[in-house]
């Protein structure tokens, strides 16, 4: 029997002739009018200093890149065993059962699943300024939310959040450190909040930037999960690991909560490249130390530039700085004219400008431009 070939297979299926006869589709005007062919499809545009998205340009780790290359040929398969291996690694590090760990396509998928699962039971209580993408997602699905104003110094008002947790609240959500302020909620305050809402609502702590804080382990609430608390901790590979585009995140919680989250996930085990990269770099301490050092150096460069410009910034324990300015949108537009991308105003908070720690050479461009632009805009 002759060896099977792709053409013989297609012929037996009765479609080879159709494929051979079908003309190739012409490029549509929309495609031919797209960005120049030499413009990258991902990351900063040519000549742009990208400081607006809280990405970490020093990742992925070399170990992650090697894993991606080696597993690329396995992309036709689902991620079953790889997902299980990463789950076991995370569980071992944090002293929990694998059944208490949930892997998602970035922590965003997990947070959205939580919004759906807990939104069925009551309202989500949260600060009025934080990374609220998941709350907004829940609201679009009919989930109610209650927003608690920040304090005058832009820190989270933990006592007010505790007081607002009434019978109609099912979930209390915060981001620690907070985004976009960059400020850390002290661990003692968070533990007090957990105690105050116990028996009333689940406490969700998004720890996306935990590894960049001064004392990551002390600042984490994972120990409350180990102690049996009704707490969910979310983490991501997008920040310290530099894998934003590879979409891997996870939650650590009780087995019951984990099951509820899984029932609302929308992916099918994550993407193979991301899972492989996460497995390879999860315990890559050399890369993590180098990545952290570069991010913190960029953060100090930003703070120095802010001071030289006669401005002030909130204390940050993240890979971005929230700078107090007269008009965030005006500064964003002026920076953009110089090829530097930063964030504009967050809703009504027009007096704060968020700038991320990108590549050090890009941060240097921001640092050089800020004093002159501040003088020109507001002197």
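Residue numbers (our numbering): 228 to 606.
Idealized CB from N, CA, C, for every residue including glycine.
Note that the coordinates shown come from a computational prediction; the quantities given were computed from them, not determined experimentally.
- Message: Mapping the DSSP letters down to three states, classify residue 269 as helix, strand or coil.
- Response: The count along the chain shown starts at 1 and reaches residue 269 at position 42. Coil.
- Does the separation of the CB atoms of residue 583 and residue 550 fall below 9 Å? As a first step, residue 583 must be located in the chain shown, where it is residue number 356. As a first step, residue 550 must be located in the chain shown, where it is residue number 323. Not a contact, by the Cβ cut-off of 9 Å.
- Can you list, in chain order, the residues of its chain whose CB lies under 6 Å from that of residue 511, leaving out five sequence neighbours each side? Working through the chain shown from its first residue, we reach residue 511 at position 284. Excluding sequence neighbours, residue 511 sits near 288 and 290.
- Looking at the structure shown, is residue 467 part of a helix, part of a strand, or coil, going by DSSP? Your numbering for residue 467 matches position 240 in the chain shown. Of the three classes helix, strand and coil, the one that applies to residue 467 here is coil, per DSSP.
- Local Cβ density within 10 Å of residue 434, reported as buried at 16 or more and exposed below that: As a first step, residue 434 must be located in the chain shown, where it is residue number 207. Per the 10 Å Cβ criterion, buried.
- Ignore the nearest five residues each way along the sequence and tell me which others in residue 387's own chain have a CB closer than 6 Å to its CB. Counting from 1 along the chain shown, the entry for residue 387 is found at position 160. The answer, listed in chain order, is 375.
- Proximity of residue 440 and residue 484 at Cβ, strictly below 9 Å: Counted from its first residue, the chain shown places residue 440 at position 213. Counted from its first residue, the chain shown places residue 484 at position 257. No, these two residues do not count as a Cβ contact at 9 Å.
- Task: Check whether the region 377-391 touches the region 334-342, taking contact to mean three or more Cβ pairs, one atom from each stretch, closer than 8 Å.
- Result: no
- Whole runs of the alpha helix (DSSP H) within the region 305-355, excluding any shorter than 4 residues: 307-321 and 333-346
- Query: In the DSSP assignment, what residue or residues form a beta bridge with residue 399?
  - Reply: Taking the first residue of the chain shown as position 1, residue 399 is located at position 172. 352 and 430.
- Three-state secondary structure (DSSP) at residue 440? Here the question's residue 440 lines up with position 213 in the chain shown. Coil at residue 440, not helix or strand.
- Message: Using CA atoms only, rank isn't needed, just tell me which of 313, 455 and 541 is closest to residue 476.
- Response: For the purposes of this step, residue 476 is identified with residue 249 of the chain shown, where counting begins at 1. When only C-alpha atoms are compared, the closest one is 313.
- Under 9 Å between C-beta atoms of residue 448 and residue 505: Here residue 448 corresponds to residue number 221 of the chain shown, with the count starting at 1. Here residue 505 corresponds to residue number 278 of the chain shown, with the count starting at 1. No. Outside cutoff.
- Taking 9 Å as the CB-CB cut-off, is residue 335 touching chain C? Absent from the structure: chain C. Only one protein chain is present.
- Query: Which residue from 566, 517, 360 and 500 puts its Cα closest to that of residue 304?
  - Reply: Counting from one through the chain shown, the residue named residue 304 turns up at place 77. Residue 500 is the option with its Cα nearest to residue 304.
- Message: Which residue marks the beginning of the alpha helix (DSSP H) containing residue 603, and which one marks its end?
- Response: By 1-based counting over the chain shown, the position of residue 603 is 376. 587-605 is the extent of the alpha helix (DSSP H) around residue 603.
- By Cβ distance, which residues of its chain are closer than 7 Å to residue 190, with the 5 residues on each side in sequence left out? Residue coverage of the chain in this structure runs from 228 to 606, which leaves residue 190 outside it and unanswerable.
- Task: To the nearest angstrom, report how far apart residue 457 and residue 569 are at their CA atoms.
- Result: To locate residue 457, count along the chain shown from 1; it is residue 230. To locate residue 569, count along the chain shown from 1; it is residue 342. About 37 Å.
- Query: Quick one: what does DSSP say residue 235 is sitting in, helix, strand or coil?
  - Reply: As a first step, residue 235 is located in the chain shown; it is residue number 8 there, counting from the start. Because the pLDDT at residue 235 is just 38, under 50, the model does not fix this residue reliably, and the value given afterwards should be weighed accordingly. Reduced to three states, the DSSP call for residue 235 is helix.
- Message: With a threshold of 6 Å on Cβ separation, who are the neighbours of residue 423 within its own chain once the five nearest residues in sequence on each side are excluded?
- Response: Here residue 423 refers to the residue found at position 196 when the chain shown is read from its first residue. Counting only Cβ-Cβ distances below 6 Å, and skipping sequence neighbours, we find 389.
- If you compare alpha carbons, which of 605, 274, 400 and 358 is closest to residue 536? Counted from its first residue, the chain shown places residue 536 at position 309. Of the candidates 605, 274, 400 and 358, the one whose C-alpha sits nearest the C-alpha of residue 536 is 605.
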